[in-house]
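What follows is a short report on a single structure.
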Amino acid sequence: MKEKQGRFGEFGGQFIPETLMNAVIELEEAYHKYKGDPEFVAELEDLLSNFAGRPSNLYYAKHMTEKLGGAKIYLKREDLNHTGSHKINNVLGQVLLAKKMGKTRVIAETGAGQHGVATATAAALMGLECEIYMGKHDTDRQALNVYRMELLGAKVHSVTSGTMTLKDAVNETFREWTQRIDDTHYVLGSVMGPHPFPLIVRDFQAVISKEIKEQVLEKEGRLPDAVLACVGGGSNAMGAFYNFIEDKEVRLIGCEAAGRGVDTKDTAATMATGSVGIFHGMKSYFCQDEYGQIAPVYSISAGLDYPGIGPEHAYLRDAGRAEYVPVTDDEAVEAFEYLSRIEGIIPAIESAHAISYAMKLAPTMGKDQIIVVNVSGRGDKDVAAIARYKGVEIYE
């Protein structure tokens, strides 16, 4: 599927104030200039391999496969990247691009803190000033990541408007960008926002599916039957899906945060409960109330606690190319504990949503079939929160 003029079918676009138009036009022109530039490509590949630690492993989850008794399960270990998540792929590309554009300052939003930590890391590496916007509720539940960002030299702004979560952090970052577009690049963290961000972030994350395809062909001599990834805005999922979109025999399954259930208001399952709307500069699916206002959402996972989804995902769902399934908090926590105990891998609570669905799907498939699950981040940041969720008192 080819995007046209910043659109994925009817989704995408540039629904932004006039004050930002020059900034996104400048960004689009710079991206098209540098993405094929041999020097830029070589610098980025060097950063990905020698700084981020790519390629990440494709790990055969032997114990999980044997216990579940169905399809063979592989885990794409994005949690092993430097800074502990897939976020570093996109951030190294965007911060390098910002430096080429002559920007001296980067700003970013973050939910779980992984994108903020990655941005602060890349800014420190490349010598750029860095400020991060994070909802007050998220700074409380991800305090360790706030300290990591500050340790890396970033200034962290605690956003107290709205629900004090990722949605409000995005609002504040866009607002800040309108004030200083001359020297500042907004390192948007997911495949969302106005064009060209969904395209840029997807392209920088597509290294995940490129590696999965190469690695699974080497190990199994065939493509997988299904690729699973968690979905909030959708960057790790789009990265895991992208190079399989034309391989129609491969099921692409996004696992979204159902919170306390899709039949309650405490959910962030956009595909299951949302409708088409316009927000944060794009047309896509969003959780909305009866008046068309963006509805408050909830998930145990700060990284999936967002009321919308990237426009390319909306297109893939409506085109019938990708499936999206809800996973509740309880199911994600069960999967968080399951993978920790059975494979010795503590996944991010975001990634645990995809692990949970793999636990349901694998037993329904044959032993000759293959599932790949993208473990988008490591779970160190979530250990205290999960302990509290389970009623365990711990002291950090």
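In short: position in the sequence shown from 1, add 21, done, that's the numbering used here.
Heads up, the beta-carbon is just placed ideally off N, CA and C, and yes, glycines get one too.
query                                                                                                                                                                          : result
Taking only the alpha-carbon atoms, compute the straight-line gap between TYR319 and THR288 and give it to the nearest angstrom.                                               : 5 Å
Unbroken alpha helix (DSSP H) runs of length 4 or more, entirely within the region 101-126: which are they?                                                                    : 108-121
Quick one: what does DSSP say TYR327 is sitting in, helix, strand or coil?                                                                                                     : coil
Which same chain residues end up closer than 7 Å to PHE300 when comparing Cβ atoms and leaving out the 5 residues on each side of it in sequence?                              : PHE307, ILE315 and GLY329
Helix, strand or coil, according to DSSP, for ASN20 in the structure here?                                                                                                     : Past the edges of the chain, shown from 22 to 417, lies residue 20, and the structure says nothing about it.
HIS216 to TYR55, Cα distance in whole Å?                                                                                                                                       : 17 Å
Does the Cβ of ILE415 have 16 or more other Cβ atoms within 10 Å, making it buried, or fewer, making it exposed?                                                               : exposed
Leaving aside the five residues before and after THR349 along the sequence, list all residues of the same chain whose C-beta is less than 8 Å from its C-beta, in chain order. : ALA279, GLY280, ARG281 and GLY282
In angstroms with no decimal places, state the Cα-to-Cα distance between ARG399 and ALA44.                                                                                     : 34 Å
Apply the 10 Å Cβ neighbour rule to PRO332 and answer buried if 16 or more other Cβ atoms are within range, or exposed otherwise.                                              : buried
Answer yes if the region 65-76 comes into contact with the region 364-380, meaning at least three C-beta pairs across the two stretches below 8 Å, and no otherwise.           : no
Does the distance from the C-beta atom of ASN78 to that of ASN257 stay below 7 Å?                                                                                              : no
Whole angstroms are fine: how far does the CA of PRO347 sit from the CA of PHE32?                                                                                              : 22 Å
Helix, strand or coil for TYR55, going by three-state DSSP, please let me know.                                                                                                : helix
Ordered along the chain, which non-local residues of its own chain (more than five positions away) have a Cβ less than 8 Å from that of ASP284?                                : none
CB-CB under 7 Å to GLY218, same chain, minus the five flanking residues each way: which ones, in chain order?                                                                  : Reading off the sequence, residue 218 comes out as Phe, not Gly. Closer than 7 Å at Cβ, skipping near neighbours: LEU209.
On the premise that THR104 lies in contact with THR142, defined as a C-beta separation below 8 Å, what is that separation, rounded to the nearest angstrom?                    : 5 Å
Grab me the residues of GLN390's own chain with a C-beta within less than 6 Å of its C-beta, minus the 5 sequence neighbours each way, in chain order.                         : ALA92 and ASP246
Hey, out of ALA261, LEU187 and ALA144, whose CA is closest to THR160's CA?                                                                                                     : LEU187
Just verifying my parser: in three-state terms, what is the DSSP assignment at PRO217?                                                                                         : coil
Between the C-alpha atoms of LEU173 and ALA145, what's the straight-line distance to the nearest angstrom?                                                                     : 6 Å
Relative to the C-alpha of LEU89, which candidate in MET380, ASP403 and ILE392 has its C-alpha closest?                                                                        : MET380
Helix, strand or coil: how does DSSP classify GLN26 here?                                                                                                                      : coil
Report the rounded CA-to-CA distance for GLU150 versus VAL127, giving the unit in angstroms.                                                                                   : 6 Å
Look up GLY153 in the DSSP assignment and give the residues it is bridged to.                                                                                                  : Reading off the sequence shown, one finds Ile at residue 153, where the question assumed Gly. Bridge partners of ILE153: ALA129 and VAL177.
Would you mind listing the beta strand (DSSP E) stretches within the region 299-376 that are 3+ residues and don't spill past its ends, in chain order?                        : 303-307 and 343-349
Rounding to the nearest angstrom, what Cα-Cα distance links PHE29 and LEU220 in this structure?                                                                                : 10 Å
Would you call the CB atoms of LYS240 and ASN264 closer than 7 Å?                                                                                                              : no
Does DSSP classify SER182 as helix, strand or coil?                                                                                                                            : coil
Which word fits TYR95, buried or exposed, when buried means at least 16 other C-beta atoms lie within 10 angstroms of its C-beta?                                              : buried
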